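Colleague:
Residue numbers (the numbering used here): 291 to 682.
#1: When burial is assigned at 16 or more other CB atoms within 10 Å of the CB, is residue 293 buried or exposed?
#2: Please report how far the alpha carbon of residue 258 lies from the alpha carbon of residue 647, in whole angstroms.
#3: Whole angstroms is fine: what's the gap from residue 500's alpha carbon to residue 460's?
#4: Check whether the segment 596-611 touches the segment 631-646, taking contact to mean three or more Cβ pairs, one atom from each stretch, closer than 8 Å.
#5: Would you please state the rounded distance, in angstroms, between the beta carbons of residue 473 and residue 481? I believe it to be under 8 Å.
#6: Who does residue 634 pair with in a DSSP beta bridge?
#7: Would you call residue 495 buried or exposed, if buried means 16 or more other Cβ atoms sit within 10 Å of its Cβ?
#8: Decide yes or no for the touch test of the segment 650-661 against the segment 542-559: beta carbon pairs closer than 8 Å, at least 3 of them.
#9: Could you give the first and the last residue of the continuous alpha helix (DSSP H) run that contains residue 496?
#10: Note down, in chain order, each residue of its chain lying with its Cβ closer than 6 Å to the Cβ of residue 398, except the 5 sequence neighbours on either side.
#11: With distances taken Cα to Cα, identify the nearest neighbour of residue 429 among 651, 414, 509 and 680.
#12: Just reading off the beta strand (DSSP E) that residue 353 is part of, what are its end residues?
#13: Can you tell me the Cα-Cα spacing of residue 560 and residue 409, whole angstroms?
#14: Given a cut-off of 8 Å on the beta-carbon distance, is the pair residue 576 and residue 674 in contact?
#15: Go to residue 382, then tell me how far its beta strand (DSSP E) extends in each direction, as first and last residue.
#16: Buried or exposed, going by whether 16 or more other CB atoms sit within 10 Å of the CB of residue 291?
#17: By the three-class DSSP mapping on this structure, what secondary structure does residue 546 have?
#18: Starting from residue 393, trace the alpha helix (DSSP H) in both directions and tell me its first and last residue.
#19: Report the three-state DSSP secondary structure of residue 491 (helix, strand or coil).
#20: My output table needs one value for residue 656: the three-state DSSP class, helix, strand or coil.
#21: Nearest by alpha-carbon distance to residue 520: which of 311, 371 and 417 is it?
#22: If you run the structure through DSSP and keep just helix, strand and coil, what is residue 452?
#23: So what's residue 408 in DSSP terms, helix, strand or just coil?
#24: Less than 7 Å between the CB of residue 555 and some heavy atom of the ligand SAH, yes or no?
#25: Would residue 538 be called buried (16 or more neighbouring beta carbons within 10 Å of its own) or exposed?
#26: Around the C-beta of residue 340, are 16 or more other C-beta atoms found within 10 angstroms, so that it is buried, or is it exposed?
#27: Taking 8 Å as the CB-CB cut-off, is residue 313 touching chain B?
#28: Would you mind working out which of 424, 381 and 308 sits nearest residue 444, comparing C-alpha positions?
#29: Would you please state the rounded distance, in angstroms, between the beta carbons of residue 406 and residue 530? I believe it to be under 8 Å.
#30: Put residue 573 into one of helix, strand or coil per three-state DSSP.
#31: Closest to residue 612 by C-alpha separation, out of 492, 327 and 301, would be which residue?
#32: Going residue by residue through the segment 410-483, where are the continuous alpha helix (DSSP H) segments of at least 4 residues, counting only ones entirely within it?
What follows is the structure, encoded as structure tokens:
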């Protein structure tokens, strides 16, 4: 078989993930392999754990990187704390809330689903009603819903859950490293993310942190965890409790990459990083508004990391995305589920949250819309963005 040397085309990744990766991270991946039980690699694991505690803002000893993407993190968080017969409340306001609900059902639990219109967030009062109605084992919800661009507040929810004897499980796949995530302050018991979004690392690891309360639940289980691979009580022996006993072969090069990506996060500083994401999102949204694109998420609940906007009336959205990719080398995302064909999802995550990214994608969108006879005067979108930048 004659397979040519790999040479992927250059792309500006401004979709819902993966995000652009810093050259330092790619260099880290190319460094020599170590064995997964080599003492030096175990030191690297310790470093990654400490770095992850910093971005999660937690003191949890069980803070690790699950071998797998963000969906593996979701499954790990849920299958460890949920047993058959448990009652679990899930807020479903998009694709990933519904995925959590699916996993809960696969665990044999009774699902109480709180359905929220896509693009909106859930009022704590609705969760409190569900907690009062019956004994609930856990409440699960998505902090940053990638399918809608909505930002679900979590402050006060952990305290509410704990008052009713329930755990809080939070999906921070599109928020960790881009907007504040306060695991300890917010009382989150199981919190997971993915490396390929705001951390600007290739996909392949899922940061996960479990509170002491969650670990007590895991240890008190009456049934085995559904998944051998994701069983936290076994993974703890390798990652989290210092025994460093063999469980599985970790993806060595991905751990190297995550270590370097987290170095970049901490060098910048979390508050400065959050401010950078907010600034560039504001400029992008101003430019998109000039093109007639209204936000999908409700006012005051919009993510700066994943900008979801409605496609202007009369525009065929798929040809626009195709033109951006083939003519400009820019990837943006379309809608999922009921939003398919109705929205564009533009990610400004990690290394992608830059002024040049904003101006380039707006200029490309102007050109693509012009082909359908719908573009305003050339430069309208980029001028609107530059006005935001000029304000500082």
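Virtual Cβ for every residue (Gly too), placed ideally from N, Cα, C. Predicted, not measured: the structure shown is a model, and the values here were computed from it.
Modeller: According to the structure data:
#1: Around the beta carbon of residue 293, fewer than 16 other beta carbons lie within 10 angstroms, which makes this residue exposed.
#2: In the structure displayed, the chain extends from 291 to 682; residue 258 sits before or after that span and is not available.
#3: Whole-angstrom Cα-Cα distance: 11 Å.
#4: The segment 596-611 is in contact with the segment 631-646.
#5: Yes, residue 473 and residue 481 are in contact; Cβ-Cβ is about 5 Å, under 8 Å.
#6: According to DSSP, which records beta bridges pairwise, residue 634 is partnered with 599 and 624.
#7: With a threshold of 16 other beta carbon atoms within 10 Å, residue 495 meets it and is buried.
#8: As far as the Cβ criterion goes, the segment 650-661 does not touch the segment 542-559, which means the pair count is below three.
#9: Residue 496 -> not in any alpha helix (DSSP H); beta strand (DSSP E) instead, spanning 495-500.
#10: Short of 6 Å from the beta carbon of residue 398, and not among the five residues preceding or following it, lie these beta carbons of its own chain, in chain order: 374.
#11: Of the candidates 651, 414, 509 and 680, the one whose C-alpha sits nearest the C-alpha of residue 429 is 414.
#12: That run of the beta strand (DSSP E) goes 353-357.
#13: Rounded to the nearest angstrom, the two C-alpha atoms are 26 Å apart.
#14: Going by C-beta atoms, residue 576 is nearer than 8 Å to residue 674.
#15: First-last of the beta strand (DSSP E) with residue 382: 377-382.
#16: With fewer than 16 Cβ atoms within 10 Å of its Cβ, residue 291 is classed as exposed.
#17: In the structure shown, residue 546 sits in a helix (DSSP, three-state: H, G or I).
#18: Counting along the chain, the alpha helix (DSSP H) containing residue 393 begins and ends at 385-396.
#19: Three-state DSSP puts residue 491 in coil, outside helix and strand.
#20: If DSSP states are grouped into helix, strand and coil, residue 656 belongs with the helices.
#21: When only C-alpha atoms are compared, the closest one is 371.
#22: Residue 452 falls in the helix class under three-state DSSP.
#23: Collapsing the DSSP output to three states places residue 408 in a strand.
#24: As far as ligands go, the structure on display features none, and thus does not contain the ligand SAH.
#25: When all chains shown are included, residue 538 counts as exposed.
#26: Residue 340 counts as exposed, since fewer than 16 other beta carbons sit within 10 angstroms of its beta carbon.
#27: Reference to chain B is not applicable here, since this structure consists of a single protein chain.
#28: The candidate whose alpha carbon is nearest that of residue 444 is 381.
#29: In this structure, residue 406 and residue 530 do not form a Cβ contact; the two beta carbons are roughly 34 Å apart against a cut-off of 8 Å.
#30: Looking at residue 573 - three-state DSSP - the assignment turns out to be helix.
#31: Among 492, 327 and 301, the Cα nearest to that of residue 612 is on 301.
#32: 414-423, 447-453 and 473-476, all fully within the segment 410-483.
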